[in-house]
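See below for the structure under consideration.
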Amino acid sequence: MAKTESTGSTWRYRWAHRQNVRRVSTYRGAEAAWRRRDDELRRLRALAADFQGSAAAGSGLPLELAADEVVLWALPAAQLVEVRHTTVLPAPDLTVAPPTGPLRPRRPDGVRVTDAGMAVITSRRLVLLGGRGRRDWAYGRITGLAHDPAAPVTLIQVLDRRRTSGLLLPTDAAPDFRFKLTLAFADAIEQRAAVIAQLDELIAEHAQLKPFRPAVNTPAQARVSALVPGGRRTIAVAAAIALLVPAALIESDPSDPTGGAEVAAAATPATTPSVAPARIGPALALKPPPTKPTKSPRPSPGATQGPRCGAPENPLGYDFCGGTRIRKPAAEVCDWFDCVPQFWAGRGYLVQCRDGSISLAGGGSKACANHQGVRRTITK
7 MAKTESTGST WRYRWAHRQN VRRVSTYRGA EAAWRRRDDE LRRLRALAAD
57 FQGSAAAGSG LPLELAADEV VLWALPAAQL VEVRHTTVLP APDLTVAPPT
107 GPLRPRRPDG VRVTDAGMAV ITSRRLVLLG GRGRRDWAYG RITGLAHDPA
157 APVTLIQVLD RRRTSGLLLP TDAAPDFRFK LTLAFADAIE QRAAVIAQLD
207 ELIAEHAQLK PFRPAVNTPA QARVSALVPG GRRTIAVAAA IALLVPAALI
257 ESDPSDPTGG AEVAAAATPA TTPSVAPARI GPALALKPPP TKPTKSPRPS
307 PGATQGPRCG APENPLGYDF CGGTRIRKPA AEVCDWFDCV PQFWAGRGYL
357 VQCRDGSISL AGGGSKACAN HQGVRRTITK
């Protein structure tokens with residue numbers, strides 16, 4: 007038997023069930039994304055603390071090591087690439103950049119493959135042991151280094167080489183290679199502690215972004231607007247139309263319903279020697295046209311939108327009027343706004359998409375990508 011309220015209807019229970027299912031689904035997606043990022047940051051932190059090499063790791067390699075040089079890591083499959091045109095790369099730094107998206111196995115334009123072999127990271131240099139020879143990049147002579155954000159390519163400039171070169175790696179090995187190369191370069195300038203401190207800061211910041219388990223909706227919280235297709239949005243549009251239609255009718259100034267400005271009335275005899283009005287028919291004269299009614303002022307768009315500048319009614323104080331961007335929205339924000347799927351996985355500030363939904367990916371290149379693009383920023 008279906009559950010009913012005192013009026014005998016079941017819509018409140020159906021509304022509560024739909025809301026709870028949607029909230030739990032959104033929370034689980036956001037929590038899974040948060041957990042994956044947290045695990046990755048902690049893995050990198052452990053790797054940064056324990057990343058060590060040894061001279062024995064280089065045994066069997068056609069590579070002569072210096073007295074104080076050790077092999078930190080080796081990748082058996084790598085390709086040597088060179089840039090056809092002249093370019094200037096940014097100076098190498100120790101930034102642990104978060105992944106912007108999956109790398110695609112492609113070669114950027116203007117880059118050609120010249121050799122293939124094994125890439126070796128030592129405590130003093132990066133080496134490619136290729137079929138045509140050996141290519142070294144000593145850390146002390148590197149003047150520029152750049153990782154392609156879309157392809158597994160790392161380009162390097164050194165003092166004693168005019169042409170920019172680098173490595174093209176397998177997509178699954180590129181992230182670890184880039185991080186381990188950063189650690190090796192940090193060791194060369196005695197700054198590994200700075201990399202570890204940066205990871206600790208990223209872990210602490212990420213812990214503050216952990217999504218909260220949503221509260222459970224009850225049938226008593228259901229509003230009558232839930233019975234209307236489209237909910238509060240439909241009601242708001244209908245209310246705006248109801249306010250604008252009378253104003254439009256007043257502005258149009260319809261003609262007098264009596265049929266015109268000229269109305270016949272009985273003539274009165276002139277009491278002064280002034281010229282008598284022309285007579286129209288037996289004892290008829292023209293009556294002055296009636297005074298037009300005063301026009302009501304047209305309501306401004308701001309008045310119809312209320313103090314929120316068009317934002318849905320909500321107790322959170324969120325609006326479209328411009329102000330402080332919202333990077334950490336309240337846990338109940340999806341009760342008052344239409345959130346996009348995977349809302350809590352966003353990393354940015356609140357924005358409204360062109361289809362009316364809201365996203366927490368404001369400021370990113372993929373904000374509202376599946377919802378017709380960004381329309382405006384939600385502020386408080």
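Residue numbers (this note's numbering): 7 to 386. Glycine is no exception: its CB is placed at the ideal position from the N, C-alpha and C atoms.
- Item | Ala200 - containing beta strand (DSSP E), residue span | In the DSSP annotation of this structure, Ala200 is not part of any beta strand (DSSP E); the continuous alpha helix (DSSP H) holding it starts and ends at 198 to 213.
- Message: Going by beta-carbon coordinates alone, are Ile162 and Ile148 separated by less than 8 angstroms?
- Response: Yes, the Cβ-Cβ distance between Ile162 and Ile148 is below 8 angstroms.
- Item | Those residues which DSSP pairs with Ala152 across a bridge | DSSP lists Leu161 as partners of Ala152.
- Message: Does Ala367 come out as helix, strand or coil in the three-state DSSP assignment?
- Response: Under the three-state reduction of DSSP, Ala367 is assigned to strand.
- Consult DSSP for Gly136 and reduce its assignment to one of helix, strand or coil. In the displayed model, Gly136 falls within a strand according to three-state DSSP.
- Item | Proximity of Ser371 and Val346 at Cβ, strictly below 8 angstroms | Taking 8 angstroms as the Cβ cut-off, Ser371 and Val346 do not qualify as a contacting pair.
- Query: Going along the chain, which residues of its own chain have a beta-carbon closer than 8 angstroms to the beta-carbon of Arg51, five neighbours each way excluded?
  - Reply: Only Ile202, Leu205, Asp206, Ile209 meet the Cβ criterion.
- Message: Among Pro82, Asp341, Thr160, Arg167, whose alpha-carbon lies nearest the alpha-carbon of Thr188?
- Response: Out of Pro82, Asp341, Thr160, Arg167, Thr160 has the C-alpha closest to the C-alpha of Thr188.
- Message: What does the alpha-carbon distance come out to for the pair Ala156 and Phe183?
- Response: Near 15 angstroms, if we compare the C-alpha coordinates of Phe183 and Ala156.
- Message: Going by DSSP in three states, Arg49 sits in which element: helix, strand or coil?
- Response: The answer is helix: DSSP assigns Arg49 an H, G or I state.
- Message: Here's a check: name, in chain order, each residue in its chain whose Cβ is nearer than 7 angstroms to the Cβ of Gly137, leaving out the five neighbours to either side.
- Response: Sequence-distant partners of Gly137 (beyond 5 residues in either direction) whose C-beta falls short of 7 angstroms from its own C-beta, in its chain, are Asp121, Ala122, Gly123.
- Query: With contact counted as at least three CB pairs below 8 angstroms, one residue from each stretch, are the segment 220 to 228 and the segment 27 to 43 in contact?
  - Reply: They touch, by the three-pair rule.
- Does the Cβ-Cβ distance between Asp373 and Arg353 come in under 8 angstroms? Checking the sequence, you will find Ala at residue 373 rather than Asp. Not closer than 8 angstroms, so no.
- Query: Between which two residues does the alpha helix (DSSP H) carrying Thr188 extend?
  - Reply: Membership of Thr188 in the alpha helix (DSSP H) is indicated by the continuous run 180 to 194.
- Query: Would you report the Cα separation of Gln88 and Asp344, rounded to the nearest angstrom?
  - Reply: Checking the sequence, you will find Glu at residue 88 rather than Gln. When rounded, the separation of the alpha-carbon atoms in Glu88 and Asp344 is 49 angstroms.
- Message: Excluding the 5 residues flanking Glu75 on each side, which residues of the same chain have their C-beta closer than 7 angstroms to its C-beta?
- Response: Excluding residues up to 5 positions away in sequence, Thr128, Ser129, Arg130 lie with their Cβ nearer than 7 angstroms to the Cβ of Glu75 in the same chain.
- Task: Note down the Cα distance separating Ala97 from Leu134, rounded to an integer number of angstroms.
- Result: The straight-line gap from Cα to Cα measures roughly 21 angstroms.
- Query: Using a Cβ-Cβ cut-off of 7 angstroms (strictly less than) and excluding sequence neighbours within five positions of Pro114, which residues of its own chain qualify?
  - Reply: Within the same chain, Pro114 has close Cβ partners Asp154, Ala157, Val159.
- Query: Would you call Asp93 buried or exposed, if buried means 16 or more other Cβ atoms sit within 10 Å of its Cβ?
  - Reply: In the sequence on display, residue 93 carries Thr and not Asp. Thr93 comes out exposed.
- Item | Sub-8 angstroms separation of Phe326 and Ile247 beta-carbons | In this structure, Phe326 lies away from Ile247, with their beta-carbon atoms at least 8 angstroms apart.
- Closer than 6 angstroms by C-beta to Pro307: which residues in its own chain qualify, once you throw out the five before and the five after it? Chain order, please. Because Pro307 sits at a pLDDT of 40, beneath the cut-off of 50, its placement in the model cannot be relied upon, and the point is left open.
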